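Participant: Structure below; questions to follow.
In the working numbering, the protein residues as written are 1 to 329.
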């Protein structure tokens, strides 16, 4: 009996090991999935991942999987939010025709008609594959979701991924600010990374992602990327699109603590997510001055893409594109 039990345990362990090795990569299959700090619904939501985001699966506990996002952020999500892919399928996905959702929100319908049954929602930044059999009048695009579901999205809500990347290849600081301003008034959400709700670093990350750049997730990570700026002269040293960080400076007893980040707009103003996405002045003595936290640093992101750690263009990230394929011209 002991030998039989031992044999069964070995077979189970082998099977689990095989599954883990075969399913090392996955695609997020819902519009937005929460990433938890532990495999438990009651644990803290530390971030989110959007549909079509490739993730590395590093562990399993029950129906929870530990995942790593393209920028290296780690958390837990449930199995129904993941579409596991083989190496062959993953490489195919990276070279197939894909679309990015550019509207705040969109819906996937069973058939190309405004009153057709909805099979999924989508949000800005979601990535889907081209499906088959578009609508007769061209108003709907056939799409394939990461988990294999097929349907139709209105053409006005999408752009072809590679053409879109070409259009944002030379985004300026003003473009970053323009994207961030699209979320003015949207609610603050701890761990939020989508139009459904954004925390401060989530607003930064999504604003840059929608201009083709992948940044690190948290403010405490973002402050150590790019070019460090002298924040003693805000109007003199900062340009639109630069990041401004708040918290507690280092002293003899404690290290620096970074608790908040905003995007500089120019003329002493910034946009940030605090209670909601809003605009405040960085200059003292004004009624709209943001004075609840102390500035502890500022960095410039643009100009450092693909040359500095933590700032990667989407087109050059090996989880999104096969790097041996022809790059966008």
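Cβ atoms here follow ideal geometry from the backbone N, Cα and C, with glycine treated the same way. Treat the numbers as computed from the prediction; the structure is a model and nothing was measured.
(1) In this structure, does DSSP put residue 196 in helix, strand or coil?
(2) Can you say whether residue 140 is buried or exposed, counting buried as having 16 or more other CB atoms within 10 angstroms of its CB?
(3) Would you tell me roughly how many angstroms separate the C-alpha atoms of residue 300 and residue 106, rounded to the nearest one?
(4) With a threshold of 8 angstroms on Cβ separation, who are the neighbours of residue 336 within its own chain once the five nearest residues in sequence on each side are excluded?
(5) Using three-state DSSP, classify residue 30 as helix, strand or coil.
(6) Which residue spans inside the segment 110–175 form an unbroken alpha helix (DSSP H) run of at least 4?
(7) Under three-state DSSP, which class holds residue 97?
(8) Report the start-end ranges of each beta strand (DSSP E) in the segment 199–279 that is 3 residues or longer and not cut off at the edges.
(9) If I measure Cβ to Cβ from residue 150 and keep anything under 6 angstroms in the same chain, skipping five residues before and after, which residues do I get?
(10) For the 8 angstroms Cβ check, are there 3 or more pairs between the segment 81–95 and the segment 152–160?
(11) Distance check for residue 126 and residue 312, CA to CA, integer angstroms please.
(12) As a quick exercise: from 170, 256, 116, 182, pick the residue whose alpha carbon is nearest that of residue 153.
(13) Do you know how far the Cα of residue 173 is from the Cα of residue 228?
(14) Between which residues of its own chain and residue 175 is the CB-CB distance below 6 angstroms, once the five residues before and five after are set aside?
(15) Helix, strand or coil, according to DSSP, for residue 315 in the structure here?
(16) For the structure I just gave you, are there three or more beta carbon pairs, one from the segment 275–282 and one from the segment 182–192, closer than 8 angstroms?
(17) Could you tell me whether the Cβ atoms of residue 52 and residue 67 are closer together than 8 angstroms?
(18) Can you tell me which of 46, 177, 39 puts its alpha carbon nearest to the alpha carbon of residue 62?
(19) For residue 24 and residue 95, what's the separation of their Cα atoms in angstroms?
(20) Comparing C-alpha positions only, which one of 231, 64, 178 sits nearest to residue 208?
(21) Quick check on the burial criterion: 16 or more other C-beta atoms within 10 angstroms. Buried or exposed for residue 58?
(22) So for residue 300, helix, strand or coil by DSSP?
(23) Please state the DSSP three-state secondary structure of residue 90.
(24) Got a sec? Which residues, its chain only, sit under 6 angstroms from residue 104 by beta carbon, not counting five neighbours each side?
(25) Are there 16 or more other CB atoms within 10 angstroms of the CB of residue 129, so buried, or fewer, so exposed?
(26) Nearest to residue 217 by CA position, among 235, 193, 33, 233, is which residue?
(27) Using 8 angstroms as the threshold, is the C-beta distance between residue 85 and residue 69 below it?
(28) Identify the residues that DSSP records as bridge partners of residue 74: which are they?
(29) So the beta strand (DSSP E) residue 47 belongs to, where does it begin and stop?
(30) Which class does residue 330 belong to by DSSP, given the choice of helix, strand or coil?
(31) Report the three-state DSSP secondary structure of residue 58 (helix, strand or coil).
Facilitator: According to the structure shown:
(1) coil
(2) buried
(3) 33 angstroms
(4) The first residue shown for the chain is 1 and the last is 329, placing residue 336 beyond what the model contains.
(5) coil
(6) 161–167
(7) coil
(8) 213–215, 243–248, 257–266, 269–274
(9) 131, 144
(10) no
(11) 18 angstroms
(12) 116
(13) 16 angstroms
(14) 211
(15) helix
(16) yes
(17) no
(18) 39
(19) 19 angstroms
(20) 178
(21) exposed
(22) strand
(23) helix
(24) 124, 195
(25) buried
(26) 193
(27) no
(28) 68
(29) 45–50
(30) Given that the chain is displayed from residue 1 to residue 329, the structure contains no residue 330 and the question cannot be resolved.
(31) strand
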